[in-house]
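Here the numbering used here = 1-based position in the sequence shown + 1.
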Amino acid sequence: MRAFLFPGQGSQKLKMGLDLYQTYTEAKEVFEEIDSALSQNLSSVIFGDDAEALNKTENTQPALFAVSMATLKVIESQSGKKITELCDMVAGHSLGEYSALCAAEVMPISVGARLLKVRAKAMAEAVPAGTGAMMAIIGLDIEKVREVCEKASTDTEKCSVANDNCPGQIVISGYKSAIEKAEGIAKEMGAKRALILPVSVPAHCPLMMPAKEIVEGALSEISFKNPVVSFVSNRTAVIESEAKDIKEHLALQMINGVRFRESVDFMVSKGVESFTEIGSGNVLSGLVKRCTDKAVSTPVGSVESVAEFLKTL
């Protein structure tokens, strides 16, 4: 069995997807469709030289989505196969869920792009600058990290698990004061590293409640279809097949942690032996390698890697 994985923030780089854009009409059409949907020349940001512009959350999220969707469309057109023939499951990391859901034909690409633009703007505006922070903790298991968060939190300023990425690599998010306190506690409890991340948005924690409400409102105006291929949710780490439930979990994802490690374990338990990371970078493939030795993961996001992938079908 094969699962397609779709990356989230942190996988972006300038000129990602450019070779696909220049080589395949299908890829170019995806970038143009997203530019049109957003009334923005996002392609020029992706293919340009301004890293600061690309790294703005409101550009990063739809940009990564664009590269994933362009890669997928090239795979589908070049193989002559539909998503149901290409993989058995789909999942994404954070914003990558929107890519996974478009892949599973839950919504059109233009709708996914517009939702991500709303999501990104809402996240950027949810808390005043300097209020929140995120930190990667290396070398502690999930239960110890939860204990770290509990010890670092007060009644009014809390932190919690944002990304359970793989064994020994967990990201926490919340009030800056709690995160700073958690740094020392984590090291005292045996963490190899506790590194405050250079991000302005404390994602996947209760500080994102204002963003959750905005995303919820945007989702309520959109008609979703049920997925044509099994979709594994960040929120539940199991298959979610009903459109109304998927909407609810997408909103709740804003204030809850991404359960990537558990999602990989679940997919492997269901028989997945091969993961394919669709889009920019190889972050998720690296995480899968740390999660399990019962499956392999291969990144596909360039002309060369698409050609290699097509040979495996």
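Glycine included, every Cβ here is placed at the ideal spot set by N, Cα and C.
Query	Result
Local Cβ density within 10 Å of residue 139, reported as buried at 16 or more and exposed below that	exposed
Distance between residue 169 and residue 248 (C-alpha atoms, nearest Å)	30 Å
For residue 279, three-class secondary structure by DSSP	strand
Exposed unless 16 or more other CB atoms sit within 10 angstroms - verdict on residue 308	exposed
Residue burial classification, residue 258 (beta-carbon count within 10 angstroms, cutoff 16)	buried
The region 155-175 touching the region 259-266, judged by at least three CB pairs closer than 8 Å	yes
Meets three-Cβ-pair contact criterion under 8 Å: the region 65-83 and the region 19-26	yes
Residue environment, residue 37, which counts as buried when at least 16 other CB atoms sit within 10 Å	exposed
8 Å contact criterion, which residue 234 and residue 204 should meet: CB distance rounded	With a Cβ gap of about 17 Å, residue 234 and residue 204 do not count as contacting.
Sub-9 Å separation of residue 284 and residue 202 beta-carbons	no
Straight-line gap, residue 289 to residue 101 (C-alpha atoms, nearest Å)	17 Å
Residue 13 beta carbon less than 9 Å from that of residue 64	yes
Beta-carbon proximity of residue 121 to residue 62, cut-off 9 Å	yes
Close beta carbons around residue 300, own chain, < 6 Å, minus the five adjacent residues each side	278, 283 and 286
Under the three-state DSSP convention, the category residue 310 falls into	helix
Nearest candidate by alpha-carbon position, reference residue 296, set 192, 224, 8 and 268	268
Residue range of the alpha helix (DSSP H) that includes residue 23	19-24
Euclidean distance between Cα positions of residue 132 and residue 199	13 Å
Pair within 9 Å by beta-carbon distance, residue 137 and residue 59	no
For residue 299, three-class secondary structure by DSSP	strand
Contact belief for residue 229 with residue 85 at Cβ below 8 Å, rounded distance in angstroms	6 Å
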